[in-house]
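Before any comments, here is the structure.
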Amino acid sequence: MRLLASLALQNLGRRRARSFLLIAAVAIGSGVVFTGATLMRSIDDSMAVGFTRLGADMMVAPEGALTNITAALLTVEPTDLVLDADALSKVPLASVGRVAPQKVVRVEHSGIGGHHELVDLFGIDPARDFTIQPWLREKLNRELRAGDVILGAGRDAPLGSQLLIFGKPHLVYGKLGRTGVGTHERGVFMSFATLAALAGSMSQMGGPRPAALTPGKVTGFLVELAPGATPQQARFAILSAVKGAKVVTGDSSLSGIRQGLSALLQGILALMVLMFASMAVMVSVLFSAIVTERRGELGLLKAIGARRAQMVGTMVVEAMIATGVGGVLGVTLGVLVMRLYERSLVYYLENIGVPFVWLDLPRMAAFAAASIVLASMIGALGALYPAWRASGRDAYDLVRGEG
Amino acid sequence: MLKCRQVSKSYRTERGLVTAVAGVDLDVPAGRFAAIIGRSGSGKSTLMAMAGGLSRPSAGMVEVDGTDVWRLSDNALAAFRNEKVGYVFQFASLLPTLRLIDNVALPAMLGRRHGASGTYARAAALLERMGLGGYLDAYPAEISAGEQRRAAIARALINDPALLLADEPTSDLDEQTEIEIMDVLRTVNREVGTTLVLVTHNLALAEQAQQIVHIANGAIVA
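As they're listed, the protein sequences go chains A and B.
Position 138, counted from 1, in the first sequence is what this note's numbering calls 138; the numbers after and before it change by one each time, with no gaps.
In this note's numbering, each residue's number is its place in the second sequence (first place is 1) plus 1000.
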């Protein structure tokens, strides 16, 4: 009803300082929740990208192969030794999560780079790979096909241009970002099929056929641990299951960081829920005081024939307007804070090559709407109980300021 | 019009049970002007509140225009207060954030019996009749206490109540304003035929009534 809504609005205007403080408190609360939820989601998404870029937890290579220990396990090492391609899928390994098989051959006179330059050609399974493709800085707007190659950041060729490898034309499908891992920087990556198709051309150059190009064989596997599994468990399981293999463990702190950060984000979420709950209690306490102060007005409304629902409605509408405005202001505040965040921390992170993936606009709008609705609901719930209690009192007691 | 039978009201306080009204029987026929007189704390306002559906009696029965008031449901009781009874309190009882015309129109708008335009036309006419035609858009704080009281009478009359209850309506007003307010109330009683019950401790005002009920210590003494 227009008059009751107008009464609610006028009441907010009557106590400007109190209304302002209420709106400010709700604005801060919902601003924190909106910003926190958006940033958490963005950090979560960024972590998903960042962690995939951290590479594998361990590498499984043939026992006699020489391996370099690098900060991040992104590729296997070039070697003449091979493993069976199904070595890790023959037996179930509970401690092993994802497995990415790779083939690598080091070639000369390939037509890439200088004449005598040694080039590492990597074969990957695009469906299982989790160490190469997350680093794609740019790529064609389609899936990787036979005849496509991906270039490491140290190689320069325009996207979509043709690259001759052993005289055969290939298309530059994508380019990787800088990793600091040598093999990754200088490598040329392609699907197993594309690499296999080069075997004939390599033989024509007079060299022996690399063992890695033998069907059913791979140079090694990059392995990600199953959630909760330790490197020791996986190492023991793999060595028991695969004969003639060795397990090279990467930086073990990375999996710890991955698991720790997830737990931290859960903790932050719990704190935000607690904060919202305390805001609800605060609004309820405040409206208890407001209802007490306005007993006379409520009594008068009751005396002239307001139904209980109308009396409660007036108070609830008043609370919803105040907390809803607080919610809108909070979201606006949150957007400003995130803008600041974008200009400082995100800018810094991106400058040092750490990706930060902002939440997409529809989801951010949904978070904003949810924060405003939640703020209004807190107002409604906070006012509901004290208003309902007061509306049940005798009109005469309320008019006299009792009850 | 108004019938009370063995109406009592007791409060539980820290000092024990306090009886404000004890087993009162009262009859006020339709169209009559009755005055309830008594000293402060005698129970006259409590009796009026029970008669008008504002305060639930601890015991007894209140009937207004054939309706057993305290047997009504919550919503029916709200409708009863809205349609059958008009109140004029002993203090300025207008909502400070609404204009005079909104204050007067509010009970009719709550009842939703008429459209907004008809209600506002009637509210304007009532304010005009109370001599407040120039203050339709004024806020209560912008007019005098006597004018506020007249606006409260206009509000009490907006739904054509069968019973008008006035609880010491001139208690804090000067003599001239008191005369004006009483004139308005008597005119309503006489010309419209609205039953008027006036609660007062002022014997001179009570003497204008057709029926005087004297209450002391919660019981009718004369």
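Think of the CB as a built atom: it goes at the ideal place given N, C-alpha and C, for glycine as much as any other residue.
All values reported here derive from a predicted model rather than from experimental measurement.
- request: Mind listing, in chain order, the continuous beta strand (DSSP E) runs of no fewer than 3 residues lying wholly within the segment 1034-1066 of chain B?
  value: The segment 1034-1066 of chain B contains these whole beta strand (DSSP E) runs: 1059-1064.
- prompt: Listing by chain order, which chain A residues have their CB less than 7 Å from the CB of Pro1107 (chain B)?
  reply: Near Pro1107 (chain B) (Cβ distances below 7 Å), the residues of chain A are Ile304, Gly305.
- prompt: So, does the CB of Gly1170 (chain B) fall closer than 9 Å to a CB anywhere in chain A?
  reply: The amino acid at residue 1170 (chain B) is misidentified as Gly; the sequence shows Thr. Judged by the 9 Å Cβ criterion, Thr1170 (chain B) is not in contact with chain A.
query: Given 8 Å as the limit, is there contact between the segment 1008-1026 of chain B and the segment 327-345 of chain A, that is, 3 or more CB pairs closer than that?
result: Taking a contact to require three or more Cβ pairs closer than 8 Å, the segment 1008-1026 of chain B and the segment 327-345 of chain A do not qualify as touching.
query: Are Glu63 (chain A) and Leu81 (chain A) touching if we call contact CB-CB under 9 Å?
result: Cβ distance < 9 Å, so Glu63 (chain A) and Leu81 (chain A) count as in contact.
task: Would you mind reading off the limits of the beta strand (DSSP E) that contains Thr1200 (chain B)?
output: From DSSP, the beta strand (DSSP E) with Thr1200 (chain B) extends over 1195-1200.
For Asp1074 (chain B), the first and last residue of its enclosing alpha helix (DSSP H): In the DSSP assignment, Asp1074 (chain B) falls within the unbroken alpha helix (DSSP H) covering 1074-1083.
- prompt: Is the number of C-beta pairs between the segment 182-196 of chain A and the segment 115-122 of chain A that are closer than 8 Å three or more?
  reply: Yes, the segment 182-196 of chain A is in contact with the segment 115-122 of chain A.
- prompt: Is there at least one Cβ from chain A nearer than 9 Å to Glu1147 (chain B)'s Cβ?
  reply: No, because no Cβ of chain A sits closer than 9 Å to the Cβ of Glu1147 (chain B).
message: Is it buried or exposed, Val1018 (chain B), if we count other Cβ atoms within 10 angstroms and call 16 or more buried?
response: Exposure of Val1018 (chain B) is indicated by the presence of fewer than 16 other C-beta atoms within 10 angstroms of its C-beta.
- request: My understanding is that Ser1058 (chain B) touches Ser1008 (chain B), with C-beta atoms under 8 Å, so please give their C-beta distance in whole angstroms.
  value: The beta carbons of Ser1058 (chain B) and Ser1008 (chain B) sit about 5 Å from each other, so the pair counts as a contact at 8 Å.
Three CB pairs or more closer than 8 Å across the segment 340-348 of chain A and the segment 1028-1036 of chain B: Taking 8 Å as the limit for Cβ pairs, the verdict is that the segment 1028-1036 of chain B does not touch the segment 340-348 of chain A.
query: Going by the C-beta, is Ala1121 (chain B) closer than 8 Å to any heavy atom of the ligand COA?
result: Looking at this structure, you won't find the ligand COA or any other ligand, since it has none at all.
Euclidean distance between Cα positions of Ile372 (chain A) and Val1199 (chain B): Using only the alpha carbons, I get a separation of about 51 Å.
task: For Leu1087 (chain B), I'd like the list of residues in its chain whose CB is within less than 7 Å of its CB, leaving aside the five on either flank, ordered along the chain.
output: Just to set this straight, residue 1087 (chain B) is Tyr in the shown sequence, not Leu. Within the same chain, Tyr1087 (chain B) has close Cβ partners Gly1052, Ala1156, Leu1165.
- request: State the Cα-Cα distance for the pair Asp1074 (chain B) and Met311 (chain A), rounded to the nearest angstrom.
  value: One C-alpha to the other measures close to 13 Å.
field: Neighbour list for Ser1055 (chain B) in chain A, Cβ cutoff strictly below 9 Å
entry: Correct list: Asp394, Ala395, Tyr396, Asp397.
field: Buried/exposed call for Asp1167 (chain B), threshold 16 Cβ in 10 Å
entry: With 16 or more other CB atoms across the displayed protein chains lying within 10 angstroms of its CB, Asp1167 (chain B) is buried.
message: Given this structure, state the Cα-to-Cα distance separating Gln405 (chain A) from Pro227 (chain A), to the nearest angstrom.
response: An answer regarding residue 405 (chain A) cannot be provided, because it is not within the stretch 1 to 403 covered by chain A.
field: Cα-Cα separation, Thr1013 (chain B) to Asp397 (chain A)
entry: Cα to Cα, the separation comes out at about 14 Å.
is_contact[Gly330 (chain A), chain B] using C-beta, thresh 9 Å: Cβ-Cβ to chain B under 9 Å: no for Gly330 (chain A).
message: Please report whether the beta-carbon of Gln266 (chain A) lies at a distance below 9 Å from any beta-carbon of chain B.
response: Not closer than 9 Å to any Cβ of chain B, the Cβ of Gln266 (chain A) fails to qualify, so no.
message: Less than 9 Å between CB atoms is the rule here; does Ser6 (chain A) satisfy it with respect to chain B?
response: Yes - at least one Cβ of chain B is within 9 Å of the one on Ser6 (chain A).
message: So, for Gly154 (chain A): in the same chain, excluding its five sequence neighbours on each side, which residues have a beta-carbon less than 7 Å away from its beta-carbon?
response: So the qualifying residues of the chain are Glu185, Arg186.
- prompt: Closest by CA to Asp129 (chain A), which one among A:Ile112, A:Leu118, A:Ala100, A:Gly147?
  reply: Here the closest residue by C-alpha is A:Ala100.
field: Cβ distance (whole Å) where Ala375 (chain A) is taken to contact Gly296 (chain A) below 8 Å
entry: Taking C-beta atoms under 8 Å as the contact rule, Ala375 (chain A) and Gly296 (chain A) fail to qualify, at a distance of about 29 Å.
message: Quick check on Gly13 (chain A) - is its C-beta less than 9 Å from some C-beta in chain B?
response: Flagged as an interface residue toward chain B: Gly13 (chain A), by a C-beta distance shorter than 9 Å.
Separation of Val149 (chain A) from Tyr173 (chain A), as counted between CA atoms: Computed Cα separation, rounded: 5 Å.
- prompt: With a Cβ-Cβ cutoff of 9 Å, do Ile1181 (chain B) and Arg1150 (chain B) count as a contact?
  reply: Cβ atoms of Ile1181 (chain B) and Arg1150 (chain B): closer than 9 Å.
- request: Please classify Ser371 (chain A): does DSSP put it in a helix, a strand, or coil?
  value: In the displayed model, Ser371 (chain A) falls within a helix according to three-state DSSP.
message: Determine whether the beta carbon atoms of Leu1127 (chain B) and Tyr1135 (chain B) lie at a separation below 9 Å.
response: Result yes, Cβ atoms of Leu1127 (chain B) and Tyr1135 (chain B) sit closer than 9 Å.
message: Quick test of the definition: if touching needs 3 or more C-beta pairs under 8 Å, does the segment 210-223 of chain A touch the segment 140-149 of chain A?
response: Under the three-pair Cβ rule at 8 Å, the segment 210-223 of chain A does not count as touching the segment 140-149 of chain A.
field: Gln1148 (chain B) and Leu1106 (chain B) closer than 9 Å at C-beta
entry: Taking a C-beta distance under 9 Å as the contact criterion, Gln1148 (chain B) and Leu1106 (chain B) do not qualify as a contact pair.
- prompt: Would DSSP call Asp1160 (chain B) helix, strand or coil?
  reply: Coil.
- prompt: What does Glu297 (chain A) reach in chain B if we use C-beta pairs closer than 8 Å?
  reply: Those within 8 Å of Glu297 (chain A) in chain B are Leu1095.
query: Which residues in the same chain have their Cβ closer than 6 Å to the Cβ of Val242 (chain A), if we skip the five residues on either side of it in sequence?
result: Excluding positions up to five away in sequence, the list reads Ala87.
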